[in-house]
Amino acid sequence: MGDRETCNHSDVTDFILVGFRVRPELHILLFLLFLLVYGLVLLGNISMIGIIVTDSQLNTPMYFFLGNLSFIDLSYSTVIAPKAMVNFMSEKKTVSFVGCAAQFFFFALFIVTEGFVLAAMAYDRFIAICSPLLYHVHMSRRLCNQLVAGSYFCGWVSSILQVSATFSLSFCASRVIDHFYCDSYQIEKISSSNLFVNKMVSLSLAAFIILPTIVVIVVSYMYIVTTVLKIPSSEGRKKAFSTCSSHLGVVSLLYGTVSFVYLTPPSNPELRKVASVVYILVTPMLNPLIYSLRNKDVKQALRKILWKKKALS
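Under this note's numbering, the residue at position 85 of the sequence shown is numbered 998, and the numbers go up by one with no gaps.
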């Protein structure tokens, strides 16, 4: 008991990230796979941001939120992927205590912020479909800026609380994290401290920060569906639903994979790691494709940019 009392987080200078438990020769394959998908994440999201910034016709609330969504996707993938790729090719596979805390902080910041931005986008679609004549009155530039700033603020508060609770724990028993990044569940798993405070922090964040975003999305789409079903023409209903399909696809992809990760039994850590890859890399890679392939405005803006480049060459 004395050892547990004298041991604290300052006794640990680094952690070991186990990564995927595969044969050493497969680490090169994992490195190349991560490199390919991360490259597509960079290409897709930077391109989306560039298209939105350069085309004046995309200067609308929906694309303002979409530009921020692309930046967030790009950011939280960058927090995780480069370090994971380095560890695939390294024998030590270590991350410093400060580096682990920083990775955890920024990942929590961006993933929570994304939830709020998706909720803001759901509210934007609700106003566009249910109150189209008052859309520009309700969705002012000021309100859009406030919604995005509030999203980042909630992400910041959430990450501060999670990092403070997690990295004040004692790590006497082990410093081996069974994951390819600093995952909160695995960090708590190797701690020798009482986790009551951490559980209370997690429940509080879920109740007061994460749950409201889900409620906003669900309620917004309940009103949207009710309004769309009242449209007499099938063509009108199809057009209305098409403005929401991309956003609904992104929401389903993110929340579906995150839920799968945390509902996967702890006895199957490798499956949790694979599911984590989906929302850390695959989802940010697919989001720009979902919006660009199903959006006439984005495709038209892309054609303009390509035509200008062709004309100048």
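Ideal Cβ placement from N, Cα and C applies to all residues, glycine included.
Here the structure is a predicted model, which means the values were calculated and not measured.
Beta carbon of residue i nearer than 8 Å to that of residue j
i       : j       : result
Ser1071 : Leu1118 : yes
Val954  : Leu1194 : yes
Glu1004 : Leu1167 : no
Ile1042 : Val1132 : no
Ile1203 : Gly1162 : yes
Met961  : Pro1178 : no
Arg1244 : Ile1137 : Absent from the model: residue 1244. The displayed extent of the chain is 914 to 1226, so no value can be given.
Cys1157 : Ile1122 : no
Residues of its chain near residue i, where Cβ-Cβ distance is below 8 Å and the 5 sequence neighbours each way are ignored
i       : result
Phe1010 : His922, Val925, Thr926, Asp927, Phe928 and Phe1080
Val1061 : Phe977, Phe978, Asn981, Val1030 and Ala1033
Val1089 : Phe928, Ile929, Val931 and Ile1103
Val935  : Leu943
Ile941  : Phe1001 and Met1002
Reduced DSSP secondary structure (H/G/I, E/B, other) of residue i
i       : result
Thr973  : coil
Ser1115 : helix
Leu930  : strand
Gly1156 : Note that residue 1156 is Thr in the sequence shown here, rather than Gly. Looking at Thr1156 - three-state DSSP - the assignment turns out to be helix.
Thr967  : helix
Ile1144 : coil
Asp1210 : helix
Val1008 : strand
Ile1090 : strand
Val1163 : helix
Ser861  : No statement about residue 861 is possible, as the shown extent of the chain runs from 914 to 1226 and does not include it.
Glu1183 : helix
Ser1133 : helix
Cys1013 : helix
Ser1083 : coil
Asp1096 : coil
Asn1107 : coil
Glu1027 : helix
Glu938  : coil
Thr1139 : helix
Ser1003 : coil
Thr1177 : coil
Met998  : helix
Met914  : In this predicted model, Met914 has a pLDDT of only 41, less than 50, meaning its place in the structure is not dependable; the value taken from the coordinates is given anyway. Met914: coil per DSSP, three-state reduction.
Val925  : coil
Met1052 : coil
Cβ neighbours of residue i in the same chain (closer than 7 Å, five flanking residues each side left out)
i       : result
Asp1091 : Val931, Gln1099 and Pro1182
Ser990  : Tyr951, Val954, Ile1193, Leu1194 and Pro1197
Ile1040 : Tyr1048, His1051 and Met1052
Phe944  : Met998, Phe1001 and Met1002
Ile985  : Phe1023, Thr1026, Glu1027 and Val1030
Thr919  : Note that Thr919 scores a pLDDT of 49, beneath 50, so its modelled location is shaky and nothing firm can be said.
Leu1199 : Leu1166
Arg917  : Reliability of the predicted coordinates at Arg917 is poor, the pLDDT of 43 falling under 50, and the value obtained from them is presented with this limitation in mind. Excluding residues within five positions, the ones whose Cβ falls inside 7 Å are Ser1083, Cys1085 and Ser1105.
Cβ distance (whole Å) where residue i is taken to contact residue j below 8 Å
i       : j       : result
Val1191 : Thr1170 : 4 Å
Val1164 : Ile1130 : 6 Å
Thr967  : Ile1218 : 7 Å
Ala1014 : His1160 : Wrong, their Cβ atoms sit about 33 Å apart, outside the cutoff.
Ser1105 : Ser1083 : 5 Å
Ala1214 : Ile959  : That belief does not hold up - the Cβ atoms of Ala1214 and Ile959 are roughly 15 Å apart, past 8 Å.
Cys1057 : Pro974  : 5 Å
C-beta neighbour in chain C for residue i, strict 8 Å
i       : result
Leu1215 : Absent from the structure: chain C. Only one protein chain is present.
Neighbourhood of residue i by C-beta distance below 6 Å, restricted to the same chain and skipping five residues each side
i       : result
Gln1075 : Ala1021
Arg1150 : Val1141 and Ile1144
Gln970  : none
_Counting beta carbon pairs with one atom in the segment 978-997 and one in the segment 1092-1112, are three or more of them shorter than 8 Å?_
Put simply, the segment 1092-1112 touches the segment 978-997. At least three CB pairs are less than 8 Å apart.
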